[in-house]
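The listed protein sequences derive, respectively, from chains A and B. Per the UniProt record's numbering, the first sequence runs over residues 1 to 459. Per the UniProt record's numbering, the second sequence runs over residues 1 to 459. Everything below concerns the one structure shown next.
2 protein chains.
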Amino acid sequence: MTERLVVIGGDAAGMSAASQARRRRAADDLEIVAFERGRHTSYSACGIPYWIGGDTTGPDALIARTAGEHRERGIDLRLGTEVVDIDTAAGRVRNRDAEGREQWTGYDHLVVATGAIPVRPAVPGIDAPGVHGVQTLDDGERVLSTLERPGVRRAVVVGGGYIGVEMAEALLKHGLDVTLVDRAEQPMSTLDPDMGRLVRRAIEGLGVRVVSGAAVSAVLTGDDGRVRAVATDDAEFPADIVILGVGVRPGTALARDAGLPLGAHGGLLTDQAMRVRGHERIWAGGDCVEVRNLVSGDLQHIALGTHANKHGRIIGTNIGGGYATFPGVVGTAVSKVCDVEIARTGLKESHARRAGLEYVTAVIESTSRAGYYPQAAPMTVKMLAERGTGRLLGLQIVGREGAAKRVDVGAVALTARLTVDQMTGLDLGYAPPFSPVWDPVLVAARKAADAVAADIRAR
Amino acid sequence: MTERLVVIGGDAAGMSAASQARRRRAADDLEIVAFERGRHTSYSACGIPYWIGGDTTGPDALIARTAGEHRERGIDLRLGTEVVDIDTAAGRVRNRDAEGREQWTGYDHLVVATGAIPVRPAVPGIDAPGVHGVQTLDDGERVLSTLERPGVRRAVVVGGGYIGVEMAEALLKHGLDVTLVDRAEQPMSTLDPDMGRLVRRAIEGLGVRVVSGAAVSAVLTGDDGRVRAVATDDAEFPADIVILGVGVRPGTALARDAGLPLGAHGGLLTDQAMRVRGHERIWAGGDCVEVRNLVSGDLQHIALGTHANKHGRIIGTNIGGGYATFPGVVGTAVSKVCDVEIARTGLKESHARRAGLEYVTAVIESTSRAGYYPQAAPMTVKMLAERGTGRLLGLQIVGREGAAKRVDVGAVALTARLTVDQMTGLDLGYAPPFSPVWDPVLVAARKAADAVAADIRAR
Numbered sequence: 001m002t003e004r005l006v007v008i009g010g011d012a013a014g015m016s017a018a019s020q021a022r023r024r025r026a027a028d029d030l031e032i033v034a035f036e037r038g039r040h041t042s043y044s045a046c047g048i049p050y051w052i053g054g055d056t057t058g059p060d061a062l063i064a065r066t067a068g069e070h071r072e073r074g075i076d077l078r079l080g081t082e083v084v085d086i087d088t089a090a091g092r093v094r095n096r097d098a099e100g101r102e103q104w105t106g107y108d109h110l111v112v113a114t115g116a117i118p119v120r121p122a123v124p125g126i127d128a129p130g131v132h133g134v135q136t137l138d139d140g141e142r143v144l145s146t147l148e149r150p151g152v153r154r155a156v157v158v159g160g161g162y163i164g165v166e167m168a169e170a171l172l173k174h175g176l177d178v179t180l181v182d183r184a185e186q187p188m189s190t191l192d193p194d195m196g197r198l199v200r201r202a203i204e205g206l207g208v209r210v211v212s213g214a215a216v217s218a219v220l221t222g223d224d225g226r227v228r229a230v231a232t233d234d235a236e237f238p239a240d241i242v243i244l245g246v247g248v249r250p251g252t253a254l255a256r257d258a259g260l261p262l263g264a265h266g267g268l269l270t271d272q273a274m275r276v277r278g279h280e281r282i283w284a285g286g287d288c289v290e291v292r293n294l295v296s297g298d299l300q301h302i303a304l305g306t307h308a309n310k311h312g313r314i315i316g317t318n319i320g321g322g323y324a325t326f327p328g329v330v331g332t333a334v335s336k337v338c339d340v341e342i343a344r345t346g347l348k349e350s351h352a353r354r355a356g357l358e359y360v361t362a363v364i365e366s367t368s369r370a371g372y373y374p375q376a377a378p379m380t381v382k383m384l385a386e387r388g389t390g391r392l393l394g395l396q397i398v399g400r401e402g403a404a405k406r407v408d409v410g411a412v413a414l415t416a417r418l419t420v421d422q423m424t425g426l427d428l429g430y431a432p433p434f435s436p437v438w439d440p441v442l443v444a445a446r447k448a449a450d451a452v453a454a455d456i457r458a459r
Numbered sequence: 001m002t003e004r005l006v007v008i009g010g011d012a013a014g015m016s017a018a019s020q021a022r023r024r025r026a027a028d029d030l031e032i033v034a035f036e037r038g039r040h041t042s043y044s045a046c047g048i049p050y051w052i053g054g055d056t057t058g059p060d061a062l063i064a065r066t067a068g069e070h071r072e073r074g075i076d077l078r079l080g081t082e083v084v085d086i087d088t089a090a091g092r093v094r095n096r097d098a099e100g101r102e103q104w105t106g107y108d109h110l111v112v113a114t115g116a117i118p119v120r121p122a123v124p125g126i127d128a129p130g131v132h133g134v135q136t137l138d139d140g141e142r143v144l145s146t147l148e149r150p151g152v153r154r155a156v157v158v159g160g161g162y163i164g165v166e167m168a169e170a171l172l173k174h175g176l177d178v179t180l181v182d183r184a185e186q187p188m189s190t191l192d193p194d195m196g197r198l199v200r201r202a203i204e205g206l207g208v209r210v211v212s213g214a215a216v217s218a219v220l221t222g223d224d225g226r227v228r229a230v231a232t233d234d235a236e237f238p239a240d241i242v243i244l245g246v247g248v249r250p251g252t253a254l255a256r257d258a259g260l261p262l263g264a265h266g267g268l269l270t271d272q273a274m275r276v277r278g279h280e281r282i283w284a285g286g287d288c289v290e291v292r293n294l295v296s297g298d299l300q301h302i303a304l305g306t307h308a309n310k311h312g313r314i315i316g317t318n319i320g321g322g323y324a325t326f327p328g329v330v331g332t333a334v335s336k337v338c339d340v341e342i343a344r345t346g347l348k349e350s351h352a353r354r355a356g357l358e359y360v361t362a363v364i365e366s367t368s369r370a371g372y373y374p375q376a377a378p379m380t381v382k383m384l385a386e387r388g389t390g391r392l393l394g395l396q397i398v399g400r401e402g403a404a405k406r407v408d409v410g411a412v413a414l415t416a417r418l419t420v421d422q423m424t425g426l427d428l429g430y431a432p433p434f435s436p437v438w439d440p441v442l443v444a445a446r447k448a449a450d451a452v453a454a455d456i457r458a459r
């Protein structure tokens, strides 16, 4: 008998699940229906700042696979259709199309891939014209349309995380005066403050005004109702456009209403096969779930396309009769703002402390290439290692070209639970255009190993 | 009582050992004497092609630490002084200075760091003026001086390995007609032939004429005694300059004469602390030793500055009263020729077979960045995984900017003995400027894992 897979959410996780299930099971064995409330599927939200900044065209270029392509592959994709109810007892969802027509659709397998919702600070004026999130392709269109308005020359970016700094770069490219207003002590609070300070210095060097430790208290509007400034407790920052980059939270209202289990961060809880806990036929992945951090052991909410794609593929494999699992993450993230590259993996200091892990740190300066090679660019590498055992706990890098992807060495080392002492012997690629004879990660590992030994001696 | 450390060879391994021992033991505790028969210390041989190509200045820029700097740090460095005899029974070496004066110098610890010797094919004319190796700074000076001669416009590079292809690039930059004559089936025989073919195509695209499967039978000279052509069995290639890049062998004649143990590749055999086997007070490191390949279990001879530096540091730590070991290598190497990046780690197919390891392979095409991001460059990734277990055995990458250093993920995975299936879950850095949402290494791991599974099913 033909089974039916219902997918809620037509982006990375949902459509990867659908595609992978389709690859493994033919249409007469598995019918696949996917509901997406928006107008687009399978797009790269991570690409939106680069589209706005003019590095890439959009929005079509950001769409990995169109609705038509999905349909050609035998996925009954319904755009503009929202799922408003999940009836887990009966195994059906209530879907509502753009005209408000509702129907119940039964499922044998359900994939919840409802993504994340941008946080909007609950302050007066936040919904004024000219205040934009940057999560959907429609957001991108709206930002570009605001930027085309006459007299738009001052931008305030609220939030100093990945989206915030990437949008700061995009707005600089439009020639705007950019102010970054951030609640944290330093931008990029996924890094330790000492490393965040390097990012701050770098983006200030690009001409961005950085205001840290400042919470937005209101968005002020002019006579035309449009945004004119962003207010904090202490100051007002004139703004013709405001970009919100204050993070996202799991989009799990629907799941919560259906009684599906949520974690402390509001994300769905799944097992390693990405099955929702306690629900044999319901799967979840992408920005709406919590994932296990393999270093801290904690559950976290991390909205990142690469995880969503992995989740989707794993879910599709399992629904398709195969077997795959997602063991967890180590918290790797890379970004850039103009030519400044930023990377982190594992735990930062506060996270390690919260996990009850004691650590030593090492910070070193090195270069991306042999010192005598052209364009050898400086980079700062910070490493955290567990006291006593010397196990790598975290790696942070701030540098220029050639810096960020070095963090992958740390990501693999964390997965394999290597010690920093073991890391000093790693056979990393060396040639003058690619690395000093001691790769910066090895130099950091050496210093971290020394710190571990010194700490043991000092006990 | 003050001990004496004698170091033979003033380059990476020897001077790293000396420096590290000095850091740990004061001059009244350890006297350090280092003999170097050449005129320079601690220089980057790997940088010579880039100096010749004009990417960097030379030779001073290639010297990491001058003789004067070493002496200031309390190392009695004697340039132009050759060690001609090691008397292991008495614990002394016979050294001969530039004027031919000899003396015996006793040691409590001896470090043999005599490096490697470029292979010179034993063919007529090989010593003619205009035929150059590229191992020492003096070689670099001589190549540049030949290039300055009037009428030098055709170059033949003998050997298609790292030095060969890097020198091909350097000579192109001087505007020469470059022919690469190589005995192997494809250039870069550290890669499998299918990947070497990509390198061949790329360097042919740069304007280099590549002649494979051709052994040099003679170097032909003109009336002036200088090189005029390189002959193979089938053909003659006109040449105003000839560069030898046919590899190196361990420089162990001195060690052999002293009865120190050599392996099948002619390199010194050491334990993991880099102590010469059977000799409590003698250490060896760098290009004159054999190293354990952790994947195949074999001993290999790999001349690479990054290993030499590690060896030296380990030896110096151990002589200095600490404890450090060199567990082995996984065979990582990266290189580039113009904008073509080449990387490998682990075993290539023929090496795996020789080690008795059966494997499956996967080859994929991907890009260095998200497809929509500017300068997303194509790359080809090949992976070898062990049959049955799925353990990663090797990784090869040929691409453009952003390709080569991705091999480090494989280097760490090989060290940690990860399976390709485990690798599919690696939390590698993702953002559009740095990677597609599935990093090329992950795509290759997925395909390799599929190949492992298919092979198991097909048994």
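Where is the CB? At the ideal position from N, CA and C, for every residue including glycine.
Starting from the Cα of residue i, find the closest Cα among the options and give me that residue.
i                 : options                                   : result
Ile86 of chain A  : A:Gly425, A:Gly106 and A:Cys288           : A:Gly106
Glu166 of chain A : A:Pro49, A:Pro118 and A:Asn95             : A:Pro49
Ala411 of chain B : A:Ala448, A:Gln422 and A:His40            : A:Gln422
Ile319 of chain A : A:Leu30, A:Ala235 and A:Ser435            : A:Leu30
Arg39 of chain B  : B:Asp28, B:Leu77 and B:Val33              : B:Leu77
Gly160 of chain B : B:Gly346, B:Gly100, B:Glu349 and B:Pro193 : B:Pro193
His351 of chain A : A:Phe35, A:Asp60, A:Arg369 and A:Glu386   : A:Glu386
Val246 of chain A : A:Arg101, A:Ala214, A:Val276 and A:His109 : A:Ala214
Gly285 of chain B : B:Thr306, B:Leu294, B:Pro124 and B:Asp257 : B:Thr306
Alpha carbon to alpha carbon, how far is residue i from residue j?
i                 : j                 : result
Ala64 of chain B  : Gln20 of chain B  : 15 Å
Ala90 of chain B  : Thr66 of chain B  : 32 Å
Val158 of chain A : Ile126 of chain A : 11 Å
Leu144 of chain A : Ile52 of chain A  : 6 Å
Arg346 of chain A : Met383 of chain A : A small fix is needed here, since residue 346 of chain A is Gly in this sequence, not Arg. Gly346 of chain A and Met383 of chain A: Cα-Cα distance of roughly 10 Å.
Gly267 of chain B : Ala273 of chain B : 16 Å
Leu137 of chain A : His70 of chain A  : 18 Å
Less than 8 Å between CB atoms is the rule here; does residue i satisfy it with respect to chain A?
i                 : result
Val295 of chain B : no
Phe434 of chain B : yes
Asn318 of chain B : no
Tyr323 of chain B : no
Asn95 of chain B  : no
Tyr43 of chain B  : no
Gly140 of chain B : no
Tyr107 of chain B : no
Cys338 of chain B : no
Asp408 of chain B : yes
Could you tell me whether any Cβ in chain B is nearer than 8 Å to the Cβ of residue i?
i                 : result
Cys288 of chain A : no
Asp55 of chain A  : yes
Trp283 of chain A : no
Trp438 of chain A : yes
Gly91 of chain A  : no
Asp192 of chain A : no
Leu304 of chain A : yes
Tell me the DSSP secondary structure of residue i in three-state form.
i                 : result
His307 of chain A : helix
Gly394 of chain A : strand
Ile75 of chain B  : coil
Buried or exposed, going by whether 16 or more other CB atoms sit within 10 Å of the CB of residue i?
i                 : result
Gly356 of chain A : exposed
Tyr323 of chain B : exposed
Trp104 of chain A : exposed
Asp408 of chain B : buried
Glu290 of chain A : buried
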